[in-house]
Amino acid sequence: MALSEHIQFFPLTDQGRVRDLNEDNFLVDKKLGLGIVADGMGGHAAGEVASALAVRIIHQEIRRRYDLVKAYGSGSASRDAAREIMHSMEGAVLRACSRIHEEAKSDASKRGMGTTLSSLLITGSHGFVAHVGDSRIYLYRDGKIQQITEDHTVYNELIRRGRLTKEQIEKVAQKNAVTRAVGVYERVEVDTLMLELLPGDQFLLASDGLHGYINHVAELEPYFEDEDGEKASRELIELANKKGGKDNITSVLIRVGHTAQKDTERARRLAVRREALAGMPLFSKLHEREMLRIMQVAEVLEFEAGQDVVREGDRGDELFIVVDGQLQILRGEQVLSEVGPGEHFGEMALIRSLPRSATVRAIDKSELISIRRSDFFGILRKEYELAGKLLWQFLGVLADRLDQTSRDLSSAKEELAAEDISDAIAEDEELGLADTGAVPNGAPSDGQADDGEAEEPPPQSLRDGPTSVQLNKTMPSAAAVAAARAQVRGALGTIPLVEVEGSTEGQAAEQAGRTSGS
128 MALSEHIQFF
138 PLTDQGRVRD
148 LNEDNFLVDK
158 KLGLGIVADG
168 MGGHAAGEVA
178 SALAVRIIHQ
188 EIRRRYDLVK
198 AYGSGSASRD
208 AAREIMHSME
218 GAVLRACSRI
228 HEEAKSDASK
238 RGMGTTLSSL
248 LITGSHGFVA
258 HVGDSRIYLY
268 RDGKIQQITE
278 DHTVYNELIR
288 RGRLTKEQIE
298 KVAQKNAVTR
308 AVGVYERVEV
318 DTLMLELLPG
328 DQFLLASDGL
338 HGYINHVAEL
348 EPYFEDEDGE
358 KASRELIELA
368 NKKGGKDNIT
378 SVLIRVGHTA
388 QKDTERARRL
398 AVRREALAGM
408 PLFSKLHERE
418 MLRIMQVAEV
428 LEFEAGQDVV
438 REGDRGDELF
448 IVVDGQLQIL
458 RGEQVLSEVG
468 PGEHFGEMAL
478 IRSLPRSATV
488 RAIDKSELIS
498 IRRSDFFGIL
508 RKEYELAGKL
518 LWQFLGVLAD
528 RLDQTSRDLS
538 SAKEELAAED
548 ISDAIAEDEE
558 LGLADTGAVP
568 NGAPSDGQAD
578 DGEAEEPPPQ
588 SLRDGPTSVQ
598 LNKTMPSAAA
608 VAAARAQVRG
618 ALGTIPLVEV
628 EGSTEGQAAE
638 QAGRTSGS
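Residue 294 in the working numbering sits at position 167 of the sequence shown, with consecutive numbering throughout.
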């Protein structure tokens, strides 16, 4: 049974102790699984108009997609339905923004009105967030509290950019001014997020009249732990009023109840997937909210034994992380290696389209996480700070790979040199020309021909070029063998450690030949 069928809403709003009007608005639609908090701004009750318009329009727009929302919740929708729902949430906020802006232009008393907006839609086993401004959504999961929305304020922007210290920012006069609001301009950038729900999850949607009195998220824990949701919501309002109540106060507490055992198992699997992502160097430096953004675009795929995940020569656009099962990497029918849980392949496909260099085939039933290039680029375009972290980490991954390749080539070079020298020594011993100086019976000694005259110098090709070896086929001398050894070492010295971009193995060999002067 879907988690969205086990949801409780506990909404409450209050004017506060200072304001003459309550410009906050909220909405709860239990059937749709929708909760909204909006904090209006603007003089002469214009803020109340803006927040009320936003709540009403967004509700109407989401209700128009009721069939899609319910189909997704029941599991009967296509794999792209989640993306459609996210676009619907964003589109609803943009339509509200345009409508509020038009209303303000038509009435001089409402000029500049706008509203913050934090909304959460729960359907099936997922939550969809659309957010603008400085209202907040908190998530309480497994005893931990995290803010899953970002404050769009001058204060937070200065903190994020690291231009000033917190002490310096405290002295900024307009530090609490919002940098994004619905309706102030015709369009606004909307933050969206999709996250998988777990049994026991709780959400708190709060206007700044409430969260402004929360110094640390841990202070919210007693209210999440209180089994009486109505009492918890009421006490949150009382907390803000006791601390001053200088603004309107709104709280919408949402609780996802415990269901069947299969959902508990899903919770465990979700934790395993998160750990698999966090274990990748590419994502290892992300904080929790950023990791939620990555998990939003991570798709879980299952493969049966013998099924190909990717095929050699096919163009790919996905990164894969193994969650469960074993897979083999093949070139042709030759098995190169195996990968298992926590390992990954295909990360280069996130930045460029290239043919797959090998086939990856499931040995047994396997579960993988897939991230598509289009979704990855979507994050880079929209999340500037996250994009900087990801691209920096990608450079680190490439640098590590280049370093490993150089070490592998160096090792291969040393092994090749050792093999060639061993072959030369073995040939010496076979011909009886070991370092003892012994020569076969009947053969002239080193430096002397049969008739007692000095031996002719080595052939021209042996003396002039390190890539062309000619030995006396009847009986090579020790000097000739020594020259051959030097020749091998010289040839090895022309092999580059790092292949230049665009060159192939054949081109590299050809270049080596040109360098040697052959």
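Just so it is clear, CB atoms sit at the ideal spot from N, CA and C, and this is done for glycine as well.
Pick helix, strand or coil for Q455, following the three-state DSSP scheme.
-> strand
Neighbourhood of P138 by C-beta, 6 Å cutoff - its chain only, sequence neighbours within 5 removed = F153, V155, V379
Neighbour-count burial assignment, E494, 16 or more Cβ in a 10 Å radius = buried
Where do the ends of the beta strand (DSSP E) carrying D502 lie?
-> Careful: D502 lies outside any beta strand (DSSP E), inside the alpha helix (DSSP H) at 500–509.
How is D527 classed by DSSP in three states: helix, strand or coil?
-> helix
Residue environment, L529, which counts as buried when at least 16 other CB atoms sit within 10 Å = exposed
Sequence-distant residues of its chain with Cβ nearer than 7 Å to D441 (five each side left out) = P482, R483
List in chain order: all unbroken beta strand (DSSP E) runs of 3+ residues lying wholly within the region 317–344.
-> 318–323, 329–333
K237: buried (16+ other C-beta within 10 angstroms of its C-beta) or exposed?
-> buried
Short Cβ contact (8 Å threshold) for I286 with R416 | no
Verify whether the separation of the beta carbon atoms of V311 and V259 is less than 8 Å.
-> no
For Q135 versus G327, is the C-beta spacing smaller than 8 Å?
-> no
Quick one: grab the DSSP three-state call for A570.
-> For A570, the predicted model reports a pLDDT of 48, less than 50, meaning its position is unreliable; a value from the coordinates is still stated below. In the structure shown, A570 sits in coil (DSSP, three-state: anything other than H, G, I, E or B).
Limits of the unbroken beta strand (DSSP E) element including L428 = 426–430
Touching or not, the region 216–230 and the region 295–306, by the rule of three or more beta carbon pairs under 8 Å?
-> no
Tell me which same chain residues have a C-beta within less than 6 Å of the C-beta of A394, skipping the five on either side of it?
-> L325
In chain order, what residues of the same chain have a beta carbon less than 6 Å from the beta carbon of H186, not counting five sequence neighbours either side?
-> L154
Are D261 and T243 closer than 8 Å when you measure CB to CB?
-> yes
Where does S334 land, buried or exposed, given buried means 16+ other C-beta within 10 angstroms?
-> buried
CA nearest to the CA of Y193, picked from A432, K157, S533 | K157
Which word fits N149, buried or exposed, when buried means at least 16 other C-beta atoms lie within 10 angstroms of its C-beta?
-> buried
Following the continuous beta strand (DSSP E) through A257, name the residue where it begins and the one where it ends.
-> 253–259
7 Å Cβ shell around L624 - same chain, five flanking residues per side excluded = Only weak support exists for where L624 lies, its pLDDT of 44 falling under 50; the value from the coordinates is given anyway. Closer than 7 Å at Cβ, skipping near neighbours: S533, L536, S537.
Measure the alpha-carbon distance for E647 versus V427 and round it to whole angstroms.
-> For the chain, the structure presents residues 128 to 645; residue 647 sits outside this window and is missing.
Three-state secondary structure (DSSP) at T532?
-> helix
Bridge partners - G356, DSSP secondary structure assignment = Partner(s): none; G356 has no beta bridge.
Taking R400 as the reference, which of G289, R420, N375, I496 has the closest Cα?
-> I496
If you count every other CB in all the chains shown that lies within 10 Å of the CB of Q461, and 16 or more means buried, which is it?
-> exposed
What is the rounded straight-line gap between the Cα of L507 and the Cα of R382?
-> 32 Å
State the Cα-Cα distance for the pair S358 and K298, rounded to the nearest angstrom.
-> Rather than Ser, the amino acid found at residue 358 in this sequence is Lys. For K358 and K298, the distance between alpha carbons rounds to 37 Å.
May I ask you to list the residues that DSSP assigns as paired with Q461?
-> R458
If we ignore side chains and look at the alpha-carbon of each, how far apart do M321 and M418 end up?
-> 12 Å
What does a CB cutoff of less than 7 Å around A485 pick up in its chain, not counting 5 residues either side in sequence?
-> E439, I456, L457, R458, L463
Count the C-beta pairs between the region 403–412 and the region 445–454 that are closer than 8 Å, then say yes if the count reaches three, no if not.
-> yes
The beta strand (DSSP E) spanning R488 covers which residue range?
-> 486–489
With which residues is Q273 paired in a DSSP beta bridge?
-> L266
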